[in-house]
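Structure, as structure tokens:
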Amino acid sequence: MISIESVKTQYHTDIDNQVSIEEIEKKYLSRKGYIAQLFEEMKSISPEKKGAYGQEVNTLKKEIESYVSQHQHSQETPLRIHPIHIQDIQAEMGGMSPISWLMFRIQDIFSELGFSVATGPEIETEKYNFDALNIPDTHPARDIWDTMWIQDPLGVKSLLRTHTSPVQIHYMETHKAPLRIIAPGKVYRYEATDATHETVFHQVEGLMLDTQTSIATFKGVMHHFFSTLFKQDIKIRLRPSYFPFTEPSFEIDIWMDNTWLEIAGAGMVNRIVLKNAGITDADIQGFAFGVGIERLAMIAYGIDDVRLIHSADIRFTSQLGKITL
Ligand code: PHE
Numbered sequence: 537m538i539s540i541e542s543v544k545t546q547y548h549t550d551i552d553n554q555v556s557i558e559e560i561e562k563k564y565l566s567r568k569g570y571i572a573q574l575f576e577e578m579k580s581i582s583p584e585k586k587g588a589y590g591q592e593v594n595t596l597k598k599e600i601e602s603y604v605s606q607h608q609h610s611q612e613t614p615l616r617i618h619p620i621h622i623q624d625i626q627a628e629m630g631g632m633s634p635i636s637w638l639m640f641r642i643q644d645i646f647s648e649l650g651f652s653v654a655t656g657p658e659i660e661t662e663k664y665n666f667d668a669l670n671i672p673d674t675h676p677a678r679d680i681w682d683t684m685w686i687q688d689p690l691g692v693k694s695l696l697r698t699h700t701s702p703v704q705i706h707y708m709e710t711h712k713a714p715l716r717i718i719a720p721g722k723v724y725r726y727e728a729t730d731a732t733h734e735t736v737f738h739q740v741e742g743l744m745l746d747t748q749t750s751i752a753t754f755k756g757v758m759h760h761f762f763s764t765l766f767k768q769d770i771k772i773r774l775r776p777s778y779f780p781f782t783e784p785s786f787e788i789d790i791w792m793d794n795t796w797l798e799i800a801g802a803g804m805v806n807r808i809v810l811k812n813a814g815i816t817d818a819d820i821q822g823f824a825f826g827v828g829i830e831r832l833a834m835i836a837y838g839i840d841d842v843r844l845i846h847s848a849d850i851r852f853t854s855q856l857g858k859i860t861l
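Heads up: the sequence shown runs through residues 537 to 861, numbered per the working numbering.
Pasting the structure below:
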């Protein structure tokens, strides 16, 4: 004959001893377990005590059942707190724009050749963007530069510079030859965008004036520049072209992937331009060039749509940040 008291005591001892859940379940709740045995005892309980006895056994049964179900549950899906590592919560990093990277790189290469960096305003007057560069109002070549005009409140006709060449004029007006500068910056053209055209893009202008600066000097500088940038010997070629501010004028092509790629406009600075900017010394001559940076980036990184470069799409920029020439 077993008593409720003895089963209770046994149960609490088992819990204190951390007896396994399966063991507890089997020992107390199975068909032949202690609770079943206690219910068996009911038969021999006097009728007036049956009710209270039954209740007490039931209460004990529920207590054991709830203990078992709680602990079974916690064994199946143990509560685990994962430590949080700093690399898990770090925001995704962007990369440096290929345009900024190329412009810095170009500055480095030219500074080693004694060129300094010059800047000019993005909002220009006709004088600097056109007239002083030998492109008067009536000149048909003005149409080459699809201009965005700005009407300022005082009625002064201004424009967003269409190229970095006006920086040449600003610099020559304030500095004496000999001189060597590059001028990186944004330029604006009023034209529809497509895979190879953007309304806002970047150029790096170059200007070198000295007494001995010839086309041969120019070709040597360009060869050095592209070979250093691409870290290999780059074949270059000058093709005849036309710009009002250079005479003669060239397109510079580089040989890459088995083809000639047009990469810059250039030429020997037109004497009219030197005069317009206040340089009258007949011994002074030199070259100027303008490289399109987006175009250079497309070639260097194999990008087939210029619009991606300014898209701020992290899938694109995060790749470029990792690539350097
Ligand atoms: N400014 C010209 C352009 O944007 C390029 C150029 C610069 C040509 C300097 C000759 C000399 O098309």
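Even for Gly, the Cβ is constructed at its ideal location relative to N, Cα and C. Just so it is clear, the structure is predicted and the values come from calculations on it, not from any experiment.
Rounded C-alpha distance that separates residue i from residue j
i      : j      : result
Lys722 : His621 : 42 Å
Ala833 : Leu638 : 7 Å
Gly569 : Gln554 : 18 Å
Asn670 : Glu648 : 31 Å
Leu565 : Glu541 : 16 Å
Gln608 : Glu576 : 27 Å
Ser701 : Arg851 : 34 Å
Arg641 : Gly822 : 23 Å
Tyr837 : Gly826 : 20 Å
Gly868 : Lys663 : Past the edges of the chain, shown from 537 to 861, lies residue 868, and the structure says nothing about it.
Val604 : His618 : 27 Å
Lys579 : Glu592 : 15 Å
Ala728 : Arg843 : 12 Å
Met867 : His760 : Since the first residue shown for the chain is 537 and the last is 861, residue 867 is missing from the structure and cannot be characterised.
Thr655 : Pro720 : 7 Å
Phe646 : Gln855 : 27 Å
Ile560 : Asp552 : 12 Å
Gly650 : Arg807 : 23 Å
Phe779 : Arg678 : 10 Å
Lys811 : Ser750 : 19 Å
Ile557 : Gln606 : 10 Å
Met632 : Thr816 : 43 Å
Trp796 : Ile770 : 11 Å
Gly756 : Ser763 : 11 Å
Tyr726 : Trp791 : 30 Å
Ala752 : Lys712 : 23 Å
Ser777 : Glu787 : 6 Å
Ile839 : Gly803 : 28 Å
Ser694 : Asn665 : 10 Å
Ser582 : Ala588 : 11 Å
Asp673 : Ile705 : 18 Å
Cβ separation of residue i and residue j, assumed to be a contact under 8 Å, to the nearest whole Å
i      : j      : result
Ile717 : Ser652 : 6 Å
His731 : Asp841 : What sits at residue 731 in the sequence shown is Ala, not His. At roughly 4 Å, the Cβ-Cβ gap stays under 8 Å, so Ala731 and Asp841 are in contact.
Val805 : Leu715 : Val805 to Leu715, Cβ: 11 Å. No contact.
Leu696 : Ala824 : Wrong, their Cβ atoms sit about 21 Å apart, outside the cutoff.
Gln573 : Ile600 : Gln573 to Ile600, Cβ: 13 Å. No contact.
Thr661 : Trp681 : Between Trp681 and Thr661 the Cβ distance is about 14 Å, and since that is not below 8 Å, they are no contact.
His738 : Glu830 : 6 Å
His846 : Glu734 : 7 Å
Run of the beta strand (DSSP E) containing residue i, from where it starts to where it stops
i      : result
Thr764 : Unbroken run through Thr764 is the alpha helix (DSSP H), Ile751 to Phe766; no beta strand (DSSP E).
Lys722 : Leu715 to Tyr724
His738 : Val736 to Asp746
Endpoints, alpha helix (DSSP H) assigned at residue i
i      : result
Glu830 : Ile829 to Tyr837
Tyr547 : Ile540 to Asp552
Met708 : Pro702 to Thr710
Glu558 : Ile557 to Ile560
Leu574 : Tyr570 to Glu577
Contact with chain B by residue i, beta-carbon distance below 8 Å
i      : result
Ile645 : Chain labels in this structure do not include chain B; a single protein chain is all it has.
Length-filtered (4 minimum) alpha helix (DSSP H) runs lying within the stretch 619–696:
622–625, 634–647 and 662–665
For the stretch 769–813, list the beta strand (DSSP E) runs that are entirely contained and at least 3 residues long, ordered along the chain.
772–779, 782–792 and 795–805
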